[in-house]
Amino acid sequence: MSASTSVDTSGGLAGRLSFYLVLTPFLLWMLLIIVLPHVDLLLLSFKESATSVGLANYREFFGEPVYLRTLARTVVISILTTLLILLISWPVAYYIAKLARGRSKTSLYLACLLPFWVGELVRVFGWTIILRETGLLSRLLQHLGVAQGPIEFLYNDAAMIVGLIYTLMLFMIVPLISVLETLDDSLVEAGYDLGGNGWIVLRQIVIPHAMPGIASGCIIVFMLSLGSFLTPILMGGKSSQWFTEQIYTQFITRFNWELGSAFGFVLLAASSLVVWAGLKLSGQSLSSSLARGS
Numbered sequence: 030m031s032a033s034t035s036v037d038t039s040g041g042l043a044g045r046l047s048f049y050l051v052l053t054p055f056l057l058w059m060l061l062i063i064v065l066p067h068v069d070l071l072l073l074s075f076k077e078s079a080t081s082v083g084l085a086n087y088r089e090f091f092g093e094p095v096y097l098r099t100l101a102r103t104v105v106i107s108i109l110t111t112l113l114i115l116l117i118s119w120p121v122a123y124y125i126a127k128l129a130r131g132r133s134k135t136s137l138y139l140a141c142l143l144p145f146w147v148g149e150l151v152r153v154f155g156w157t158i159i160l161r162e163t164g165l166l167s168r169l170l171q172h173l174g175v176a177q178g179p180i181e182f183l184y185n186d187a188a189m190i191v192g193l194i195y196t197l198m199l200f201m202i203v204p205l206i207s208v209l210e211t212l213d214d215s216l217v218e219a220g221y222d223l224g225g226n227g228w229i230v231l232r233q234i235v236i237p238h239a240m241p242g243i244a245s246g247c248i249i250v251f252m253l254s255l256g257s258f259l260t261p262i263l264m265g266g267k268s269s270q271w272f273t274e275q276i277y278t279q280f281i282t283r284f285n286w287e288l289g290s291a292f293g294f295v296l297l298a299a300s301s302l303v304v305w306a307g308l309k310l311s312g313q314s315l316s317s318s319l320a321r322g323s
């Protein structure tokens with residue numbers, strides 16, 4: 030009896046030791062790369078001078094209308110981009126998860142992954158080649174007689190949203206596929222057998238089941254869109270008025286790290302508020318959405 034107890038005890042200690050050894054690199058990574066820099070930036074955002082601290086940087090943000098408008102504009106366009114990506118990704122994910130079979134399913138999934146084999150900068154430049162004044166689309170319209178001269182499709186909100194959709198859509202498709210694959214086909218068949226049409230089955234069976242994946246995808250896409258820098262600058266142009274550009278300007282151009290840090294935490298607070306509101310409206314929790322949608 031004592032021997033078995035000793036074995037159980039040593040086995041439990043070995044299991045806990047293995048768990049801590051595996052967890053330690055992750056905790057160190059989180060501490061050194063995320064926690065400590067953010068704490069340092071938070072303290073820096075309250076720094077007014079070499080010897081004083083206060084809320085001057087935050088007062089400057091809220092006292093300047095252009096900063097508030099840029100933040101509001103960034104949040105609104107990010108929400109719009111997220112909704113558009115959801116509408117585009119839903120039929121793609123549903124077809125891959127529930128209708129495609131065998132090689133067709135693999136090929137479609139691979140087609141979604143292929144653009145991400147190259148960097149974001151290359152993908153964005155690909156769109157500039159298509160949409161610029163001397164690009165493929167402008168020349169095609171001129172060749173067909175639709176346009177009499179070159180047309181500039183770049184450097185506006187529509188082009189910027191197209192670029193964001195293209196660069197972020199995979200982050201919506203993957204959670205949707207993951208959660209839709211767990212949907213039992215017999216539930217859908219039962220919905221039709223009980224007299225439901227396609228819309229009723231979608232609204233009462235498919236969407237409720239997929240809601241954790243929808244919430245997870247929307248959170249990821251919204252956060253990535255809100256923090257995007259390359260796409261808004263390269264496709265939106267100088268008039269894009271994207272909030273990450275304001276943060277970049279404070280840090281890199283003006284060397285005002287105190288104000289830039291304050292801007293960063295204002296953006297973090299705004300994104301957290303939008304995510305919280307979205308979870309409340311959808312009736313989801315953050316833990317369940319990320320657990321079932323991943």
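Per this note's numbering, residue 30 is the first one in the sequence shown, and the count goes up by one each step. Backbone N, C-alpha and C fix where the C-beta goes; we use that ideal spot for every residue, glycine too. Given the structure is predicted, the values throughout are model-derived calculations rather than measurements.
Contact between the segment 133-144 and the segment 300-317 is absent: fewer than three C-beta pairs spanning the two stretches fall below 8 angstroms. Pairwise C-beta distances place the segment 234-253 in contact with the segment 195-206, as three or more of them are shorter than 8 angstroms. Counting every other CB atom within 10 Å of its CB across the protein chains shown gives residue 93 a total below 16, marking it as exposed. In this structure, the CA atom of residue 87 is about 40 angstroms from the CA atom of residue 158. With the rule of 3 Cβ pairs closer than 8 angstroms, the segment 171-189 counts as touching the segment 149-163.
In the DSSP assignment, no residue is bridged to residue 309. A distance below 6 angstroms between beta-carbons, with the five flanking residues on each side excluded, links residue 266 to the following residues of its chain, in chain order: 184.
Taking C-alpha positions only, residue 232 is separated from residue 209 by approximately 14 angstroms. Spanning the alpha carbons of residue 154 and residue 277 requires a straight line of approximately 21 angstroms.
In the structure shown, residue 151 adopts helical secondary structure according to DSSP, grouped into three states.
Taking the Cα positions, residue 263 is about 19 angstroms away from residue 100. Taken atom to atom, the span from the alpha-carbon of residue 124 to that of residue 192 is near 24 angstroms. Close CB contacts of residue 149 within its chain, under the 8 angstroms cut and outside five residues either way in sequence, are with 196, 259 and 260 (chain order). Look at residue 105 here: in three-state DSSP terms it is helix. According to the DSSP secondary-structure assignment, residue 230 is paired through a beta bridge with no residue.
Under the DSSP assignment, residue 218 falls in the alpha helix (DSSP H) whose first and last residues are 214-222. Boundaries of the alpha helix (DSSP H) harbouring residue 265: 259-265, taken from the DSSP string.
In this structure, residue 290 lies away from residue 78, with their beta-carbon atoms at least 9 angstroms apart. DSSP links residue 82 through a beta bridge to 76. When the beta-carbon positions are compared, residue 106 and residue 189 come within less than 9 angstroms of each other.
Residue environment for residue 298: exposed (fewer than 16 other C-beta atoms within 10 angstroms of its C-beta). Boundaries of the alpha helix (DSSP H) around residue 246: 236-255. Under the three-state reduction of DSSP, residue 171 is assigned to helix. Distance check between residue 113 and each of 240, 287 and 187 places 187 closest, using alpha-carbon atoms only.
Going by C-alpha positions, residue 272 is about 21 angstroms away from residue 63.
The C-alpha of residue 270 lies about 24 angstroms from the C-alpha of residue 115. Residue 313 and residue 128 have their C-alpha atoms spaced approximately 27 angstroms apart. Boundaries cannot be given for residue 127, as no alpha helix (DSSP H) includes it and DSSP labels it neither H nor E.
Considering only 274, 282, 283 and 56, the residue with the shortest C-alpha distance to residue 103 is 274.
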